[in-house]
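Undergrad:
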């Protein structure tokens, strides 16, 4: 147990990163629109995607190298594929996360005199400074407290809404059709981003690398996987909590969650205070903001680290990418790029996110297969390779994601 506690890091960072829009927005909306039945796709998505993320920790713990190095070992083509997915994420994911977080911040402090873009810039600058000055250790330590508080707050809220029961009329409410075009598209979005996109396996690997640097004694593979499992199970549990809260408070009311970040923030916080009391509004608003703030911080850190590692592998002789300040420069570059995206393409953010969704969904099965190939390669000793059961789950997950990707392409083309 002591060794497990010392190894805590990548798993909790994964949880903090994943518990963002996929949980706050999609899980809550799933329960609000379709009811308890949505627990099935939420749990299936977490189950079938598990091996892809676990392989990131497995590869790094055994080889002390990043998953990106594993892609390069298979051939430069695979590294370019991952670089392409990361490039799309660079221009979309951070911008979307920061806009939602800015909305929560504006709601928390009742700010009406500034735009979401201005607030986003302030958040970008503040988080960039934290990442550059505090580095990995600060990120890890600060998020342990955030995740603990969030888990306790959500657990209490979930118990309270379960005790109060569903809203009047929900028993006779006719839920929308799940298997029509609108329902399937929502289901695809939920599954695609639950718990997060498959390319985040590379992020987990980078955090594993940083965690190894901070430890005097390298953890065993068993301990490293147990630590990741703690974060992964926590991620799945919180997704179910958000779904239950949406189901118990909105299902049957006909209320639609707004697409506007500020309005959505107010709706979300009111979901909690309805069952706890108005006195808790400020505390819940702080918890919701802290959740998205930590997601921004982990995603900003991860995409920056992965981008540096990719560039170092693709251009090993380029001194600019090998510089010790490369991470700090990349963090700042991510800030400038994504703030420009928010400023210049705010009206088309939906289209940009749709592009990221498309690329992520279509390439997810391929990335899953690439991850399996890295942990089955010659640089992983036989005793550390995944056992038969995990390999079967991996292939099942690839089929699962492939079917969703094919249907998603078909819907877009028809």
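Numbering (our numbering), first residue to last: 90 to 503. Quick reminder that beta carbons are idealized off the backbone N, C-alpha and C, glycines included. Keep in mind it's a predicted model, so treat the numbers as computed, not measured.
May I have the straight-line CA-CA distance separating residue 314 from residue 142, to the nearest angstrom?
TA: Sequence index remark: in the chain shown, residue 314 carries index 225 (1-based). Sequence index remark: in the chain shown, residue 142 carries index 53 (1-based). Roughly 10 Å between the two C-alpha positions.
Undergrad: Taking the runs of the alpha helix (DSSP H) that are 4 residues or longer, which of them lie wholly in the region 127 to 199?
TA: Here the runs fully enclosed are 128 to 152, 156 to 163, 165 to 179, 182 to 197.
Undergrad: Is it buried or exposed for residue 394, if we count other Cβ within 10 angstroms and need 16 for buried?
TA: As a position in the chain shown, residue 394 is number 305, starting the count at 1. When all chains shown are included, residue 394 counts as buried.
Undergrad: Rounded to a whole number of angstroms, what is the C-alpha to C-alpha distance between residue 487 and residue 400?
TA: Counting from 1 along the chain shown, the entry for residue 487 is found at position 398. Counting from 1 along the chain shown, the entry for residue 400 is found at position 311. Going by the C-alpha atoms only, they are around 28 Å apart.
Undergrad: Between 262, 167, 211, which has its C-alpha nearest residue 121's C-alpha?
TA: Position 32 of the chain shown, counted from the first residue, corresponds to residue 121. Selected option, being the one with the closest Cα: 262.
Undergrad: Where does residue 108 sit, in a helix, a strand or coil, going by DSSP?
TA: For the purposes of this step, residue 108 is taken as residue 19 along the chain shown, with counting starting at 1. Coil.
Undergrad: Identify every run of the alpha helix (DSSP H) within the region 223 to 292, keeping only runs that are complete inside it and at least 4 residues long; order them along the chain.
TA: 270 to 281, all fully within the region 223 to 292.
Undergrad: Provide the residue span of the alpha helix (DSSP H) that contains residue 484, from first to last.
TA: Residue numbering aside, residue 484 sits at position 395 when the chain shown is read from its first letter. Residues 477 to 502.
Undergrad: Between residue 319 and residue 109, is the Cβ-Cβ spacing less than 7 Å?
TA: Locating residue 319 in the chain shown gives position 230, counting from the first residue. Locating residue 109 in the chain shown gives position 20, counting from the first residue. No, these two residues do not count as a Cβ contact at 7 Å.
Undergrad: For the structure I just gave you, are there three or more beta carbon pairs, one from the region 454 to 471 and one from the region 190 to 208, closer than 8 Å?
TA: No, the region 454 to 471 is not in contact with the region 190 to 208.
Undergrad: Looking at the secondary structure, which residues open and close the alpha helix (DSSP H) in which residue 336 lies?
TA: Taking the chain shown and counting its residues from 1, one reaches residue 336 at position 247. Per DSSP, residue 336 belongs to the alpha helix (DSSP H) from 310 to 339.
Undergrad: Quick one: residues in its chain with C-beta nearer than 8 Å to the C-beta of residue 495, no 5 flanking neighbours on either side, listed in chain order?
TA: As a first step, residue 495 must be located in the chain shown, where it is residue number 406. Once the five neighbours on either side are set aside, residue 495 has no close Cβ partner at all.
Undergrad: Is the Cβ-Cβ distance between residue 178 and residue 298 less than 7 Å?
TA: Here residue 178 refers to the residue found at position 89 when the chain shown is read from its first residue. Here residue 298 refers to the residue found at position 209 when the chain shown is read from its first residue. Their beta carbons are not under 7 Å apart, which means residue 178 does not touch residue 298 by this criterion.
Undergrad: Can you tell me whether residue 337 is buried or exposed, with buried defined as 16 or more other CB within 10 angstroms of its CB?
TA: Within the chain shown, numbered from 1, the residue matching residue 337 stands at position 248. Buried, by the Cβ-count rule.
Undergrad: For the alpha helix (DSSP H) holding residue 120, just list the boundary residues, first then last.
TA: Here the question's residue 120 lines up with position 31 in the chain shown. Residues 117 to 123.
Undergrad: Report buried or exposed for residue 269, applying the criterion of at least 16 other Cβ atoms within 10 angstroms of its Cβ.
TA: Mapped onto the chain shown, residue 269 falls at position 180. Residue 269 should be labelled exposed.
Undergrad: Check residue 202 in the structure and name its three-state DSSP category.
TA: For the purposes of this step, residue 202 is identified with residue 113 of the chain shown, where counting begins at 1. Coil, per DSSP.
Undergrad: Tell me, to the nearest whole angstrom, how far the beta carbon of residue 284 is from that of residue 107; I am working on the premise that it is less than 8 Å.
TA: In the chain shown, counting from the first residue as 1, residue 284 sits at position 195. In the chain shown, counting from the first residue as 1, residue 107 sits at position 18. Going by Cβ atoms, the distance from residue 284 to residue 107 rounds to 4 Å, so yes, they are a contact pair.
Undergrad: Provide the residue span of the alpha helix (DSSP H) that contains residue 390, from first to last.
TA: By 1-based counting over the chain shown, the position of residue 390 is 301. Element bounds for residue 390: 370 to 403.
Undergrad: Is the region 180 to 194 touching the region 320 to 329 in the sense that three or more CB pairs, one from each, lie closer than 8 Å?
TA: No: fewer than three Cβ pairs fall under 8 Å.
Undergrad: Measuring straight from C-alpha to C-alpha, what distance separates residue 159 and residue 148?
TA: Residue mapping note: residue 159 aligns to position 70 of the chain shown, counting from 1. Residue mapping note: residue 148 aligns to position 59 of the chain shown, counting from 1. Residue 159 and residue 148: Cα-Cα distance of roughly 8 Å.
Undergrad: Nearest to residue 125 by alpha carbon, out of 321, 330, 207?
TA: Taking the chain shown and counting its residues from 1, one reaches residue 125 at position 36. Nearest of 321, 330, 207 to residue 125, Cα basis: 330.
Undergrad: Under 6 Å Cβ to Cβ from residue 264, same chain only, skipping five residues before and after it: list those, please.
TA: For the purposes of this step, residue 264 is taken as residue 175 along the chain shown, with counting starting at 1. Around residue 264: 123, 124.
Undergrad: How should residue 385 be labelled, buried or exposed, when 16 other C-beta atoms within 10 angstroms of its C-beta is the threshold for buried?
TA: Sequence index remark: in the chain shown, residue 385 carries index 296 (1-based). That one is buried.
Undergrad: What is the C-beta distance between residue 217 and residue 421, in whole angstroms, given that I count them as a contact (C-beta under 8 Å)?
TA: Taking the chain shown and counting its residues from 1, the one referred to as residue 217 is at position 128. Taking the chain shown and counting its residues from 1, the one referred to as residue 421 is at position 332. Confirmed, about 6 Å.
Undergrad: Nearest-angstrom Cα distance between residue 250 and residue 131?
TA: Residue 250 sits at position 161 when you count from the first residue of the chain shown. Residue 131 sits at position 42 when you count from the first residue of the chain shown. The straight-line gap from Cα to Cα measures roughly 20 Å.
Undergrad: Counting along the chain, where does the alpha helix (DSSP H) carrying residue 427 start and finish?
TA: As a first step, residue 427 must be located in the chain shown, where it is residue number 338. From DSSP, the alpha helix (DSSP H) with residue 427 extends over 415 to 434.
Undergrad: Could you check what DSSP says for residue 210 in three-state terms: helix, strand or coil?
TA: Residue numbering aside, residue 210 sits at position 121 when the chain shown is read from its first letter. Reduced to three states, the DSSP call for residue 210 is helix.
Undergrad: In angstroms with no decimal places, state the Cα-to-Cα distance between residue 410 and residue 423.
TA: As a position in the chain shown, residue 410 is number 321, starting the count at 1. As a position in the chain shown, residue 423 is number 334, starting the count at 1. Rounded to whole angstroms, residue 410 to residue 423 spans 15 Å at the Cα level.
Undergrad: Which residues in the same chain as residue 387 place their Cβ atom closer than 6 Å to its Cβ, once the five residues preceding and following it in sequence are excluded?
TA: Position 298 of the chain shown holds residue 387. Same-chain partners within the cutoff: 102, 105, 106.
Undergrad: Is residue 400 a contact residue of the ligand GTP, with contact defined as CB to any heavy atom under 6 Å?
TA: This structure lacks the ligand GTP; in fact it carries no ligand of any kind.
Undergrad: Does the beta-carbon of residue 484 have 16 or more other beta-carbons within 10 angstroms, so that it is buried, or is it exposed?
TA: As a first step, residue 484 must be located in the chain shown, where it is residue number 395. Label assigned to residue 484: exposed.
Undergrad: How is residue 99 classed by DSSP in three states: helix, strand or coil?
TA: Position 10 of the chain shown, counted from the start, is the residue given in the question as residue 99. Three-state result, residue 99: helix.
Undergrad: Do you know offhand how far residue 466's Cα is from residue 475's?
TA: One-based indexing of the chain shown puts residue 466 at position 377. One-based indexing of the chain shown puts residue 475 at position 386. Using only the alpha carbons, I get a separation of about 11 Å.
Undergrad: Would residue 378 pass as a contact of residue 144 if the rule is Cβ separation under 7 Å?
TA: In the chain shown, the residue the question calls residue 378 occupies position 289. In the chain shown, the residue the question calls residue 144 occupies position 55. Cβ atoms of residue 378 and residue 144: not closer than 7 Å.
Undergrad: Return the chain-ordered list of same chain residues with a C-beta closer than 7 Å to the C-beta of residue 415, the five sequence neighbours on each side being excluded.
TA: The sequence position of residue 415 within the chain shown is 326, counting from 1. The residues are 397.
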